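Peer 1: Our numbering numbers the first residue of the sequence shown as 1190 and each following residue consecutively.
Here a beta-carbon is modelled for each residue, glycine too, at the ideal position from N, C-alpha and C.
Computed from a predicted structure; not experimentally measured.
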Amino acid sequence: MKVLLTFTGFHDPFAASAATGEMRAGPILTVLAERSFDRVYLFSTPKTSEIGEKTATAITERHPGVMVEILGIPLKDPTNHLGILRQLRGHFKKLNASHPEAEYSISVSSGTPHMHACWLLLAASGEIPATILQSTPPEFVQAGRSLVREIDIHQKDFPTITRPLDRPEQDADDESSIDDACRELGIVGEDPAFRKALHESFVYSQYDDFHVLLIGETGSGKEYFAQFVHHLGPRAGRPMITVNCSSIPENLVESQLFGHKKGAFTGAASDHEGKFKSADRGVLFLDEIGELPLPAQAKLLRVLEQGEIEPVGSNRPVKVNVRVIAATHRNLREMVQAGTFREDLYQRFGSSITIPPLRARKIDIPVLSSHLLTAWNARHQHQKRLSPAAINELIRYPWPGNVRELRRVIQQSAMLASGKVIHPQDLRFEAPLRTDPMSALPDPSEGFVLAEFLDGIKLHLIQRAMELSGGVQARAARLLGITPQAINQLLKSRNLQ
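1) In three-state DSSP terms, what is Met1190?
2) Exposed or buried, which one is Glu1406 when buried takes at least 16 other CB atoms within 10 Å?
3) Distance check for Leu1650 and Val1661, CA to CA, integer angstroms please.
4) Over the uninterrupted beta strand (DSSP E) stretch that includes Thr1543, give me the two end residues.
5) At what residues does the beta strand (DSSP E) containing Thr1431 begin and finish?
6) Where does Glu1594 land, buried or exposed, given buried means 16+ other C-beta within 10 angstroms?
7) What do you get for Lys1385, buried or exposed, if any count of 16 or more other CB atoms within 10 angstroms of its CB means buried?
8) Is Phe1637 close to the ligand SAM? I mean its beta-carbon at under 7 angstroms from any heavy atom of the ligand.
9) Can you tell me whether Thr1624 is buried or exposed? The criterion is at least 16 other CB atoms within 10 Å of its CB, across all chains shown.
10) Where does the unbroken alpha helix (DSSP H) through Gly1645 begin, and where does it stop?
11) Who are the near neighbours of Val1192 in its chain, counting only those whose CB is closer than 6 angstroms to its CB and skipping five residues on each side?
12) Check Gln1678 in the structure and name its three-state DSSP category.
13) In whole angstroms, what separates the C-alpha of Glu1358 from that of Asn1510?
14) Are the CB atoms of Ala1214 and Ala1222 within a distance shorter than 8 angstroms?
15) Going straight from the alpha carbon of Gln1331 to that of Gly1315, what length do you get?
16) Provide the residue(s) that pair with Met1212 in DSSP beta bridges, ordered along the chain.
17) Enumerate in chain order the residues of its own chain whose CB-to-CB distance from Thr1325 is below 7 angstroms, with the five nearest sequence positions on each side excluded.
18) If you follow the beta strand (DSSP E) that Gln1323 is in, where does it begin and where does it stop?
19) Please identify the residue among Ala1564, Arg1683, Leu1680 whose C-alpha is closest to the C-alpha of Val1377.
20) Restricting to runs no shorter than 4 residues, where is the alpha helix (DSSP H) found entirely within the segment 1561 to 1598?
21) For the segment 1583 to 1598 against the segment 1609 to 1620, are there 3 or more C-beta pairs whose distance is under 8 angstroms?
22) Let me know if Asn1581 comes out buried or exposed under the rule of 16 or more other beta-carbons within 10 Å of its beta-carbon.
23) Count the other CB atoms, across all protein chains shown, that sit within 10 Å of the CB of Met1190; report buried if there are 16 or more and exposed otherwise.
24) Tell me the rounded alpha-carbon separation between Asp1476 and Ile1262.
25) The beta strand (DSSP E) with Ala1515 in it runs from where to where?
26) With DSSP collapsed to three states, give me the class of Glu1463.
27) Would you check if there are 3 or more beta carbon pairs closer than 8 angstroms linking the segment 1411 to 1424 to the segment 1524 to 1532?
28) Hey, quick one: how far does the beta strand (DSSP E) through Leu1668 stretch, first residue to last?
29) Residues in its own chain within less than 7 angstroms of Gly1496 by CB, not counting five upstream and five downstream?
30) Do Val1501 and Ala1453 have their C-beta atoms closer together than 8 angstroms?
31) Report the three-state DSSP secondary structure of Arg1334 (helix, strand or coil).
32) Using a Cβ-Cβ cut-off of 8 angstroms (strictly less than) and excluding sequence neighbours within five positions of Arg1683, which residues of its own chain qualify?
33) If you measure between the beta carbons of Ala1603 and Leu1668, is that distance less than 8 angstroms?
34) Tell me which residue opens and which closes the beta strand (DSSP E) that Val1257 is part of.
35) If you follow the alpha helix (DSSP H) that Tyr1393 is in, where does it begin and where does it stop?
36) Please report the residue range of the beta strand (DSSP E) in which Val1525 lies.
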């Protein structure tokens, strides 16, 4: 199977000839006119989502036998090399897993020069084994010559590029174990903070005497992380018992957790072993541990420190061997200061893991949405998909309910969408989109370059002004409050004229 990978750009699907002004095929259609492919994957950013749709339609009309799929990439800055590289690596990893036998080609004539550079780096290093194709406008090609040529990135004039080997071999094995567990448990995410939480969970899972505390907002996936720690730990073959501490009446907490003896209180008609005894030699997941009353916290501390429980109505301790994974959406440090959570219990958890909220993982929203929709399609025998515009709306939404809310929105929208494609008007949000423009800004992280980010914002506003002004620089300059020369200079510096 032959596969073409390409970004979409402002010259797709059609562009005006520089010589005559007539409309002609853009770079992607030019490649498809001269090369045969079975599948085409169009990488589309929020700025080129409409172009991606038009290009996909044009390909289907001209080449009905070619399968076309649009892959949305939530890049706010199309000049951010690191962001582009991470996105391309993540997408290719999934594509190659689905089509390991495919022969890949990459078109480097659409998108920004930064995108072209990333394609070349990944292909030259062997991370993406592919043929590089470049198309040239007809006015710059001699008669009888092909408009599409291959770039031999392995010829002697090209520098040799090797894959980064900054991880020890053991780390590579760890990442493989993490990825395998994520696939098995249905955990999806490539956001750096999310991957950091997964890596910490993997490390802590190996230490059986360490009890783990998961911290995250409601709906952020704490139970999935608990399953992840259990799945990769030494007790994977034993059961994990789950207890939601917030759902137990306060007067029954100790009985439910530690058990009771017959006659210990009114209604105790028989002995009850409790959750800790049921989880002996296994794992107990205490969800919403911050809701435990102080007396129960004292007994829990004894279990963690001595491995003993004392059933209600008994004065004889019972030995148990239980690993505890706890979770909370509350700030336990503040609760310790307020006297509502024991400091010694808080300190007894040897490791805590913070799970980022979905609004901080915008990079994951497209693939996570696709994953949830694929699962829904499989259950209900449907073939529905999200349009790029719908994906952009999902990225913009603040997700107060996190992944749990995303799952509900995807399922409800899939049910209510009349066609096979889910459009923005089909999405059912419970809360309005944030009106504060600052809420959409990314958090600074390693590799973030402020100057590049600000340049990207400036470029986006200029391109939008050019669209609104019909391509007239003087009119666009008035919209922005700058000179036409400033617009011309920036567009020239980005090779966008």
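Peer 2: Based on what the coordinates show:
1) Residue 1190 sits at position 1 when you count from the first residue of the sequence shown. It is coil, neither helix nor strand.
2) Looking up residue 1406 in the sequence shown gives position 217. By the 10 Å Cβ count, Glu1406 comes out buried.
3) As a working note, residue 1661 is residue 472 in the sequence shown. As a working note, residue 1650 is residue 461 in the sequence shown. Rounded to whole angstroms, Val1661 to Leu1650 spans 14 angstroms at the Cα level.
4) Indexing the sequence shown from 1 puts residue 1543 at position 354. From DSSP, the beta strand (DSSP E) with Thr1543 extends over 1540 to 1543.
5) Taking the sequence shown and counting its residues from 1, one reaches residue 1431 at position 242. Counting along the chain, the beta strand (DSSP E) containing Thr1431 begins and ends at 1429 to 1433.
6) For the purposes of this step, residue 1594 is taken as the residue at position 405 of the sequence shown. Buried, since its Cβ has 16 or more Cβ neighbours within 10 Å.
7) As a first step, residue 1385 is located in the sequence shown; it is residue number 196 there, counting from the start. Exposed: under 16 other Cβ atoms inside 10 Å.
8) By its list of ligands, the structure shown contains no ligand whatsoever, and the ligand SAM lies outside what it can speak to.
9) To locate residue 1624, count along the sequence shown from 1; it is residue 435. Legend: pLDDT at Thr1624 = 45, less than 50; position of this residue unreliable, value from coordinates given subsequently. It is exposed - the Cβ of Thr1624 has fewer than 16 other Cβ atoms within 10 Å.
10) Mapped onto the sequence shown, residue 1645 falls at position 456. First-last of the alpha helix (DSSP H) with Gly1645: 1639 to 1657.
11) Counting from 1 along the sequence shown, the entry for residue 1192 is found at position 3. Arg1228, Ala1291, Tyr1293, listed in sequence order.
12) What you label residue 1678 is simply residue 489 of the sequence shown in a count that begins at 1. It is helical.
13) Within the sequence shown, residue 1358 is the residue found at index 169, counting from 1. Within the sequence shown, residue 1510 is the residue found at index 321, counting from 1. Note on Glu1358: pLDDT 46, under 50, position unreliable in the model; the coordinate value appears next. Their Cα atoms are separated by approximately 34 angstroms.
14) The count along the sequence shown starts at 1 and reaches residue 1222 at position 33. The count along the sequence shown starts at 1 and reaches residue 1214 at position 25. Yes, these two residues count as a Cβ contact at 8 angstroms.
15) Looking up residue 1331 in the sequence shown gives position 142. Looking up residue 1315 in the sequence shown gives position 126. Near 33 angstroms, if we compare the C-alpha coordinates of Gly1315 and Gln1331.
16) For the purposes of this step, residue 1212 is identified with residue 23 of the sequence shown, where counting begins at 1. DSSP, once it has assigned bridges, lists Ala1205 as partnering Met1212.
17) In the sequence shown, the residue the question calls residue 1325 occupies position 136. Result list for Thr1325: Leu1336, in chain order.
18) Position 134 of the sequence shown, counting from 1, holds the residue named residue 1323. 1319 to 1324 is the span of the beta strand (DSSP E), which, as asked, contains Gln1323.
19) Taking the first residue of the sequence shown as 1, we reach residue 1377 at position 188. With distances taken between Cα atoms, Val1377 lies closest to Ala1564.
20) 1577 to 1585
21) yes
22) Stepping through the sequence shown from its first residue, residue 1581 is reached at position 392. Under this definition Asn1581 is a buried residue.
23) Against the sequence shown, residue 1190 aligns to sequence position 1. Burial call: exposed.
24) As a first step, residue 1476 must be located in the sequence shown, where it is residue number 287. As a first step, residue 1262 must be located in the sequence shown, where it is residue number 73. Approximately 34 angstroms, taken between the alpha carbons.
25) Position 326 of the sequence shown, counted from the start, is the residue given in the question as residue 1515. Residues 1512 to 1517.
26) Numbered from 1 along the sequence shown, position 274 holds the residue referred to as residue 1463. Correcting the residue identity first, residue 1463 is Gly in this sequence and not Glu. The answer is helix: DSSP assigns Gly1463 an H, G or I state.
27) no
28) By 1-based counting over the sequence shown, the position of residue 1668 is 479. Leu1668 -> not in any beta strand (DSSP E); alpha helix (DSSP H) instead, spanning 1662 to 1669.
29) As a position in the sequence shown, residue 1496 is number 307, starting the count at 1. Closer than 7 angstroms at Cβ, skipping near neighbours: Lys1508, Val1509, Asn1510.
30) Working through the sequence shown from its first residue, we reach residue 1501 at position 312. Working through the sequence shown from its first residue, we reach residue 1453 at position 264. At a Cβ-Cβ threshold of 8 angstroms, Val1501 and Ala1453 count as neighbours.
31) Walking along the sequence shown from the start, residue 1334 turns up at place 145. Three-state DSSP puts Arg1334 in coil, outside helix and strand.
32) The residue labelled residue 1683 in the question sits at position 494 within the sequence shown. Correct list, in chain order: Thr1268, Thr1301, Pro1302, Leu1648.
33) By 1-based counting over the sequence shown, the position of residue 1603 is 414. By 1-based counting over the sequence shown, the position of residue 1668 is 479. Note that the C-beta distance between Ala1603 and Leu1668 is not below 8 angstroms.
34) For the purposes of this step, residue 1257 is taken as residue 68 along the sequence shown, with counting starting at 1. Looking at the DSSP string, the run of the beta strand (DSSP E) that includes Val1257 is 1256 to 1261.
35) Translated into the one-based positions of the sequence shown, residue 1393 becomes position 204. For Tyr1393, the enclosing alpha helix (DSSP H) begins and ends at 1381 to 1394.
36) Mapped onto the sequence shown, residue 1525 falls at position 336. Looking at the DSSP string, Val1525 is not in any beta strand (DSSP E); the run it does join, the alpha helix (DSSP H), is 1521 to 1527.
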